[in-house]
Amino acid sequence: MLLPQYPSRFGSGDGAFFVLSKAEIEAFLDGSQPGPLIPRPLPVDAPGLTAHFSGYQGLEAIAFDGERVYLTVETGTLSGGMTGWIVTGEIAPDLSVLRIDVASAQAILPQAQIGNLTD
104 MLLPQYPSRF GSGDGAFFVL SKAEIEAFLD GSQPGPLIPR PLPVDAPGLT
154 AHFSGYQGLE AIAFDGERVY LTVETGTLSG GMTGWIVTGE IAPDLSVLRI
204 DVASAQAILP QAQIGNLTD
């Protein structure tokens with residue numbers, strides 16, 4: 104999974120992430136698949152993602168637990184304050200879509216006040 108900071112810049116609607124299968128990566132690494140790896144777009148369904156977060160500065164990280172997905176969102180204020188958020192979602196088993204539940208957002212309160220850095 105390749106996570107763009109701003110998925111809405113790719114594809115249509117809410118945008119896209121990019122995927123490669125484990126088999127593709129292994130074949131490339133063992134030399135049986137020549138040439139560059141070409142990731143496929145994975146459509147994202149995240150209605151209201153950017154509007155939900157005042158000062159939205161993009162996605163920062165992604166983690167998986169089976170089909171469950173956890174993402175962090177970075178937000179900032181005009182005064183330089185930063186807040187991280189964690190949201191959950193699900194990825195379709197056939198990799199046809201990744202759905203983000205914007206309503207699941209929970210703030211990650213900053214541990215230190217460092218410009219352009221969330222925890």
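If you want my numbering, it's the 1-based position in the sequence shown plus 103. Idealized CB from N, CA, C, for every residue including glycine.
Query	Result
Spatial neighbours of Gly-161 in its chain, beta-carbon cut-off 7 angstroms, leaving aside the 5 residues before and after	Gln-108, Tyr-109 and Glu-177
Beta-bridge partners of Asp-168, as assigned by DSSP	Arg-171
Distance between Gly-184 and Arg-112 (C-alpha atoms, nearest Å)	25 angstroms
Where Ile-141 sits in the DSSP three-state scheme	coil
Paired residues, beta bridge with Tyr-109 - DSSP	BP columns for Tyr-109 are empty, so no partner.
Beta-carbon contacts of Asp-148 that lie in its chain and below 8 angstroms, excluding the five residues immediately before and after	Gly-116, Asp-117, Val-200, Leu-201, Arg-202 and Ile-203
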